[in-house]
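Everything below concerns the one structure shown next.
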Amino acid sequence: MDSTTQVLTTLIILTAVVVTLIGTQFARRRRDFYVLRALPAYDLAPRLVGEAVESGRRVQMATGNAALGGASTALALASAEMLYQIASRTAVAGDPPLAVVGESGALPLMMSAIRRAYTDANRLDRYAVTAARWAPAASLAMSAALVADIGDERASGGVYVGEFDATLALPLEAIARRRGVSVAGSARLDGMAVAYAMADEPLIGEELFAAGAYLGGAPSHKAALAAQDVLRWLVILGIIGSALVALRVPLSEGLARLSGGG
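123 is the number of the first residue of the sequence shown in my numbering; add one for each residue after it.
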């Protein structure tokens, strides 16, 4: 890593940390500090869980091949936060969500998320260690396992947030055939396309990482979203600035020629 990259990386990290810390303090004092834009997928998620609780059925959630310790670590943590928010709602009266992971390293993370949700709700007696399970990481095998679980566990809805390819279409179709509701998002383009086309509501891009802010509303989560927006605008300004610098010399030469100077 060269010195320029190191400096830019350090600045990005420092900016994110500072904005998050300051934003958290403001969010604690004022609830309207950061107004969240409407995301239909997060509006649908509570209804999805509510229908499952009322019908005595379960919600299936899968993370695909998102794993800890690699490029998809942030995605695995975001999936765990989504699972926690769902489990917090099912803990009131329903059975735990059925969490399916494709990487064995993510299994303890998902089990911990469900257990934490039921502990926070003082309903640890309803927690079941079998609520999280592993499925083969191969995409087709995982999708087949998801489809089988939808029937065996009588799932009434599905939430698929993680790393999926085009085989995501199989569980989404299975949920639709049971007249269920689905929310889906993938870090892969082919999975994202399937989610956009087949899920009741898709999650696109950084929307995958916003479950804590939209479903939980904790000040730190809202501040993290504010930090994302700040970094996004800094990147946009950086791109525009670089383009202007690159165009400065050719533009000056062009203007000089138009004015008859060259």
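Note that the Cβ used here is the ideal one computed from N, Cα and C, for glycine as well.
Bear in mind that the values here come from a model prediction, so they are computed numbers and not experimental data.
- One thing to note: residue 181 has its Cβ within 8 Å of the Cβ of residue 219.
- Taking 8 Å as the cut-off, the beta carbon of residue 185 is found no closer than this to the beta carbon of residue 327.
- For residue 282, the uninterrupted beta strand (DSSP E) segment begins and ends at 277-285.
- With fewer than 16 other Cβ atoms inside 10 Å of its own Cβ, residue 230 counts as exposed.
- Residue 220 carries a strand assignment under DSSP once its states are collapsed to helix, strand and coil.
- Counting only runs of 4+ residues, the alpha helix (DSSP H) found wholly inside the region 181-248 occupies 195-212, 229-242, in chain order.
- Using a Cβ-Cβ distance cut-off of 8 Å, the region 331-338 and the region 304-319 are not in contact, since fewer than three pairs of beta carbons, one from each stretch, lie closer than that value.
- As far as DSSP is concerned, residue 357 takes part in no beta bridge.
- Residue 281 counts as buried, since at least 16 other C-beta atoms from the protein chains shown sit within 10 angstroms of its C-beta.
- Annotation: the continuous beta strand (DSSP E) that includes residue 255 extends over 254-256.
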